[in-house]
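What follows is a set of notes on a single structure, which appears directly below.
There are 2 protein chains.
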Amino acid sequence: MGKENTFQPDWIEKPPEKGSYRSIFKFGDPNGFKHPNKRLFEEVKATFNLTDQDFLKKETEGEGQVNFSLPSNLEEKHIEYFTQVSGKENVSIEEYDRLKYSTGQTVEEAMKLRREVIGKICDIVIHPRNKHEVQEVVSYCNKNQIPIYIYGGGSSVNFGLLPEKGGVTMVLSTHLNKVLEVNELNQTATVEAGIFGPAFEEALNSAPEKFGVKKQFTCGHFPQSFEYSSVGGWVVTLGSGQQSSYYGDAIDMVLGIEVITPKGTIKTYDFPATATGPKVLDILKGSEGTLGVVVEVTWKIFRFMPGNRKYFGFIFPSWEAAVNAGREISQSEFGMPAVFRISDPEETHIGLKLYGIEGTILDKLMTMRGFKPMERCLFLGTADGEKNFTKNIKKKVRKICRRHGAIYLTVYPAKKWEPGRYRDPYLREDLMDYGILIDTLETSVKWDTLHKVHTKVREVIKSRSQTICMIHASHFYPQGTNLYFIFIIKESNLEDYVAFHKKVIEAIVDAGGTLSHHHGVGKLFAPWMEAHLGKNQLDILKAIKKYIDPNNIMNPGGQLGLD
Amino acid sequence: MGKENTFQPDWIEKPPEKGSYRSIFKFGDPNGFKHPNKRLFEEVKATFNLTDQDFLKKETEGEGQVNFSLPSNLEEKHIEYFTQVSGKENVSIEEYDRLKYSTGQTVEEAMKLRREVIGKICDIVIHPRNKHEVQEVVSYCNKNQIPIYIYGGGSSVNFGLLPEKGGVTMVLSTHLNKVLEVNELNQTATVEAGIFGPAFEEALNSAPEKFGVKKQFTCGHFPQSFEYSSVGGWVVTLGSGQQSSYYGDAIDMVLGIEVITPKGTIKTYDFPATATGPKVLDILKGSEGTLGVVVEVTWKIFRFMPGNRKYFGFIFPSWEAAVNAGREISQSEFGMPAVFRISDPEETHIGLKLYGIEGTILDKLMTMRGFKPMERCLFLGTADGEKNFTKNIKKKVRKICRRHGAIYLTVYPAKKWEPGRYRDPYLREDLMDYGILIDTLETSVKWDTLHKVHTKVREVIKSRSQTICMIHASHFYPQGTNLYFIFIIKESNLEDYVAFHKKVIEAIVDAGGTLSHHHGVGKLFAPWMEAHLGKNQLDILKAIKKYIDPNNIMNPGGQLGLD
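Protein sequence lines, in the order shown, are assigned to chains X and P.
What the first sequence shows, in the working numbering, is residues 212 to 774, in sequence order.
What the second sequence shows, in the working numbering, is residues 212 to 774, in sequence order.
See the structure below:
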């Protein structure tokens, strides 16, 4: 790990103790780690005026064992019923299990658990073995007015799965995780909603062997949480993958779903298009567990043609130039890049360190050509699809980028970025061990509001002294893009952190961004929903909620601002 | 008109008399005509065992003056109120006006009006001058429980605008027909909902002169009804244009809308993407006038680059081969053709006559190469977009078609088809003058149900002796396509016609097609909605309707199966 002559903090490189708080809040694979590299570490020290000395002792590791006592509030008869439905081994009222499946991935939750502070937890965890058990649980809970929360991959960053009102947490990923059909003719796959990204993608890549079809396929959806998020979660939160500019967002890729609601089961049709009124499928997409439990999803799949993929990278003299090029690419109608990512000056500055470009010959080239640090902007991309199609995209992208003053950085930066694409969340634990928080917020913007949102939100983030603020756009449309804000701050006080976080959200909304581009609303952003949508629109969503879930058992307690 | 030595019926070539029934049911431009050409006329005679003699006398022309008396049921005070709101010249209780704006384009309506049979009509016609007047009318009607129906272009083929319960018909196209903004940066245009296709497209094509922007644009949406349908109508009926395979369906092209409902005005946001719960915009799209009045639409626009357009045409040995090629093109990820149209054997047979290909050197080539009439299938297409992009599409399409046994027919058939693309509806009047009906039904199919739907529906249509049945697929998706059925029958009895029409709809649904791909539901298909969607889903739509329009004033009387 450590380089010669260079101090490195004692980054934790062992899986959390079984039963510990850390085993709950640590992201992803217990054996997965990504430590800040030397250059990032130096940047962090410089930003926060820290020395190696400050990294000798960790703050709060959360290595302690979960051992609070908080008996389940559920009546014994209910526990018995659920046990009977799903089997003893699939039902738990243990504190550890209840805490684990009540926890998502917000910084706030991690801060609390590091301090052994327990918030709202569910009364029972159920791992249904099939959709019939889901239906029995929903029906029983509806009759007995017991709240239900759904846990898929647990990667929510907005308290989407927080059991505000206690009751049942249903874990869909334990058993409902199979690929049911790969339909080569229709280019669709039907899966159980709890399946995680890698299992789904692996099944599609190996469809010839596993499903006896002729071609290999891909799901096209690769969010940063890919390895620890479920297909059902993608659908109900309106997720976007890192290749969404080409493949589309989750909302575009779902062809049909089966949802178990208090009002009964809904199986939407899976025609490629229909003109038979408003689509109930559209109402269920994005419903974030408030209307029912998604148990099956029919997904549009794509041909798997990695051999056709093209990589490219450019450096622009300014953020404005990079944005202008991004817009022109998005509106030129030669097809869209798959990965399509422009970083603002500060993210470029950090990114060049993270992707190992700082100090290389490319770095020298940029500097020699007058691309100044904290002005220059990185653009990374790939093109997927048919061979000539991807070739043409790369050619046109190059032409447009050049016209906007960029120089080509070879395929190197995009290829360096790619393998680590799902690993960045692992950085969080290391930094937080020393009281440094890394968090993200994101929004969607139209081209004509992009600069205002970028400037105003950055201003607010940077108004806090000692802050790293990295911003990128990574989901492009002819009509606009998203802005993704990553900020790194030193903060050990929970209330102060929450207040700062809130200030950033308000800055986004005030500047004219949407409340979320692809993280969803959850319970965190819910207080802004009425102002964002307008009362008339939120009231419509409330009316739908009231009709489908009259007893308010589905994810109650503020989700989406519905109650 | 008439060719030498050849009898031609005395096709009507003068605009209908002012005030006549014919002036109401005749499609489109009063001065617009498209007569069956010689080859089609011969085919019709052969099919129905007719001779020139049978075309000496017309059946029912509907040339009589509208002169029935059916006083408005509306109380005088209401009439006064509306007159005060929109001005005397914009309000009418005249029978002719009320009949005109209560009439769509179903064959049934034309048959009735030819016989001077009056069905349900509204009590008053209002042409609001702006959205504030729309709002006043909606609010007043809600208070006084007066039904409201919306008339845009009047091209509904499913009784979508039929004022089943009387009351008000609001005509949006008279005054609410302006382009409000062309936003070049965002590539959007905001229009008043009553604007017709040509005015919208013309404004976009001439955007540099008219809106001071740099580029020319296109709306990308070209339904057959283009010249006589409104943007608002496209949105609420979920229409599809003839280039939808590339540009998308109306549902994809609407970015935001403003709708006036009994519960108040809803202006949806116009972000390129958001993850803030189910989208109210999605609920309003396809609502067919049952939830409110769409007054403004923000539309995604596209660069106007006609110079890049490529044309192509192929002939396949069989329907199966053409379908297989269509599927492969749709799934190969080199981008989609814009016009993308495969005709089944019988449509190919007629099409070759209509597009003037029969008897040409291309016809000889096909026959010489063994492509047999009533087996061979025509594929016409174009590609839009960036120059190399369209070039690559044409190249790939050619390769795939060849692999499926097709021969290239040059650009000629597609170029022959293009100028007449909006003219076919004009054929209807000529044929109906002699008791011959031409009508259409359409559905959406997945690839794995396409052949079943095609075969079964065709069987039912052809089970009626003396029937021309032409079928094509013209809107392609990776997951499937549509099937469009055109049938020509000789029938003068209204009940028999209706019974036959119903049989065809049932055949579509039974075989596994959707109730509509892009014609919408209206009141015609409503009786099948519950079986099609399932009770749970229809009940959700009913609940939304009940919340937004508690007094059921918006398009009441069976629309969408909601009441």
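Note that the Cβ used here is the ideal one computed from N, Cα and C, for glycine as well.
| Query | Result |
| --- | --- |
| Could you tell me if P776 of chain X is buried or exposed, where buried requires 16 or more neighbouring beta carbons within 10 angstroms of its beta carbon? | There is simply no residue 776 of chain X to check, as chain X begins at 212 and stops at 774 in what is shown. |
| Are the beta-carbon atoms of P473 of chain P and P761 of chain P separated by less than 8 Å? | yes |
| Would a check of beta-carbon distances place M740 of chain P closer than 8 Å to chain X? | yes |
| Looking at chain P, is there any beta carbon in it that lies within less than 8 Å of the beta carbon of K354 of chain X? | no |
| Check whether the Cβ of Q398 of chain X lies closer than 8 Å to any Cβ atom in chain P. | yes |
| Quick one: using the 10 Å Cβ neighbour count with 16 as the cut-off for buried, is N397 of chain P buried or exposed? | buried |
| Excluding five sequence neighbours on each side, which residues of the same chain lie with their C-beta closer than 8 Å to the C-beta of P409 of chain P? | F437, E438 |
| When the Cβ atoms of the stretch 386–400 of chain X are set against those of the stretch 505–517 of chain X, are three or more pairs found closer than 8 Å? | yes |
| Rounded to the nearest angstrom, what separates K214 of chain X and G273 of chain X at their Cα positions? | Annotation note: pLDDT 47 at K214 of chain X (below 50); position unreliable, coordinate value reported separately. Looking at the two C-alpha atoms, the distance is approximately 28 Å. |
| Looking at C-alpha atoms only, which residue of P:F525, P:I561, P:G371, P:K269 is the closest neighbour of A257 of chain P? | P:I561 |
| With a cut-off of 8 Å on the beta carbons, I'd call V345 of chain P and V506 of chain P a contact; round off their distance for me. | 6 Å |
| Taking 8 Å as the limit between beta carbons, can you name the residues of its chain near P241 of chain X, skipping five residues before and five after? | P226, P227, S234 |
| Which value, in whole angstroms, describes the spacing of the CA atoms of K713 of chain X and W739 of chain X? | 10 Å |
| Find out if the Cβ-Cβ distance for the pair F525 of chain P, I649 of chain P is shorter than 8 Å. | no |
| Using a cut-off of 9 Å between C-beta atoms, extract the partners of T448 of chain X located in chain P. | A486 |
| Taking the runs of the alpha helix (DSSP H) that are 4 residues or longer, which of them lie wholly in the stretch 396–440 of chain P? | 408–416, 418–422 |
| Could you confirm whether any beta carbon from chain X is found closer than 8 Å to the beta carbon of D760 of chain P? | no |
| Specify, as a first and last residue, the run of the beta strand (DSSP E) that L466 of chain P falls within. | 465–472 |
| Could you check the C-alpha separation between I540 of chain X and R520 of chain X for me, to the nearest Å? | 18 Å |
| Per DSSP, what kind of secondary structure is M381 of chain P in: helix, strand or coil? | strand |
| Would K734 of chain X pass as a contact of E375 of chain X if the rule is Cβ separation under 8 Å? | yes |
| Mark T262 of chain X as exposed unless 16 or more other C-beta atoms lie within 10 angstroms of its C-beta, in which case mark it buried. | exposed |
| Could you give the C-beta distance for K607 of chain X and E597 of chain P, rounded to a whole number, given that I count them as a contact under 8 Å? | 7 Å |
| Straight-line CA distance for C612 of chain P to I553 of chain P? | 12 Å |
| In angstroms with no decimal places, state the Cα-to-Cα distance between P556 of chain X and C588 of chain X. | 5 Å |
| How far does the beta strand (DSSP E) with L591 of chain P in it extend, from its first residue to its last? | 588–594 |
| Distance, Cα to Cα, F411 of chain X vs A594 of chain X? | 22 Å |
| Write down every uninterrupted run of the alpha helix (DSSP H) in the stretch 629–659 of chain P whose length is 4 residues or greater and which is fully enclosed by it, in chain order. | 638–643 |
| Nearest to V470 of chain X by CA position, among X:D774, X:I759, X:D641, X:P767, is which residue? | X:I759 |
| So which residues on chain P does G423 of chain X lean against when the C-beta distance must stay under 8 Å? | The premise fails here: G423 of chain X is roughly 15 Å from chain P at the closest Cβ pair, so nothing lies under 8 Å. |
| Three-state secondary structure (DSSP) at Q453 of chain P? | coil |
| Do Y351 of chain P and Y312 of chain P have their CB atoms nearer than 8 Å? | no |
| What did DSSP end up calling P761 of chain P once you bin it into helix, strand or coil? | coil |
| Work out the CA separation of L565 of chain P and M212 of chain P for me, nearest whole Å. | With a pLDDT of 41 at M212 of chain P, under the threshold of 50, the modelled position of that residue is not reliable, and the figure given next carries that caveat. Roughly 16 Å separates the two Cα atoms. |
| Does the distance from the CB of E640 of chain P to the CB of I329 of chain P come in under 8 Å? | no |
| Where DSSP assigns a beta bridge to V390 of chain P, which residues make up the other side? | P:V402 |
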